[in-house]
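Engineer: In the UniProt record's numbering, the protein residues as written are 1 to 316.
Supplied in structure tokens, the structure appears directly below.
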């Protein structure tokens, strides 16, 4: 059966550009060959390529949300909406001093989805960056960045809002399932790094060191939990795309690494990496209440895999 996702994405991208007025379309539309703009990655509140949702009417904003929804599973779309809404919560916590708002998210389209065999798009803002590349009817996902500040809002010790709670809880369950030798190999540092190590770089070169504990050393429970962590991040994607991404992984080549204290509420970090896979998570600022997560494909980010195939089969 033919994958419907590329056409769904193409239709949503075309509908978005159609919904924009000429001035907004000029800001949103970029050449696919604009490598610097297309490989942009920024999860801090900074200026970025594209058009801001705050500058769009309701019809165009809904078109942008429909495009975003083509790239995410229902649960991940709900996480993305919760992340966006946290801008208002954070602005209140900061005394309304920085003017944060939930429409400060930007959409950019590279190439013409209605006509081109190579095009891409991104929806991005503070703590959210979703990048998709479509080449010859193949969708290449990543990077996909989700963050949350505050990571948790609680009432009487109970979570009211915790968009990335499962990402933390599954990794802690995995850490708790390790035996002493595996745990010693997994914990690579007593202190967590200041942020995810891949940061906002357009390219991630080589594996991050030290690697941590290899999957082949884990017992059945640990191995099952590692698989669940990987599945959690891949399941941010629509089902057909998540399955395709899972089948290309060599699960036996995965490594799990943790940095920082293991007690909840302390600054901590973990990552999972393997052949063309990098998952990073950190909760290292605001006293361990400010989380960053990213799903990357170091050799294939921003469509490098499908573009390599395209260039091989369509010499320019």
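Note that the Cβ used here is the ideal one computed from N, Cα and C, for glycine as well.
Nothing here was measured: the structure is a model prediction, and the numbers come from that model.
#1: Could you pull the start and end residues of the beta strand (DSSP E) that residue 160 belongs to?
#2: How about residue 276: is its C-beta nearer than 8 Å to some C-beta of chain D?
#3: Considering only C-alpha positions, which residue in the set 192, 242, 232, 185 is nearest to residue 216?
#4: Should residue 392 and residue 119 be called a contact, given that it needs their Cβ atoms to be closer than 8 Å?
#5: In the DSSP assignment, the alpha helix (DSSP H) including residue 228 goes from what residue to what residue?
#6: Identify the residues that DSSP records as bridge partners of residue 122: which are they?
#7: What whole-angstrom Cβ distance do residue 282 and residue 150 have, given they're in contact under 8 Å?
#8: Let me know the secondary structure DSSP gives residue 318 once reduced to three states.
#9: Answer with buried or exposed for residue 158, where buried requires no fewer than 16 other C-beta atoms within 10 angstroms of its C-beta.
#10: Label residue 148 either buried or exposed according to how many other C-beta atoms from any shown protein chain fall within 10 Å of its C-beta, with 16 as the threshold for buried.
#11: For the beta strand (DSSP E) containing residue 296, list its first residue and its last residue.
#12: Whole angstroms are fine: how far does the CA of residue 263 sit from the CA of residue 6?
#13: Enumerate in chain order the residues of its own chain whose CB-to-CB distance from residue 221 is below 8 Å, with the five nearest sequence positions on each side excluded.
#14: So if DSSP puts residue 274 in a beta bridge, which residue, or which two residues, is it bridged to?
Structural biologist: Inspection of the coordinates gives the following:
#1: 158-161
#2: Looking for chain D here will not work: only one protein chain is present.
#3: 185
#4: With the chain represented from 1 up to 316, any question about residue 392 goes unanswered, as that position is not in the structure.
#5: 220-234
#6: 108, 131
#7: Going by Cβ atoms, the distance from residue 282 to residue 150 rounds to 15 Å, so no, they are not a contact pair.
#8: This structure does not reach residue 318, given that the chain is present from 1 up to 316, and the question cannot be answered.
#9: exposed
#10: buried
#11: 291-296
#12: 43 Å
#13: 177
#14: 277
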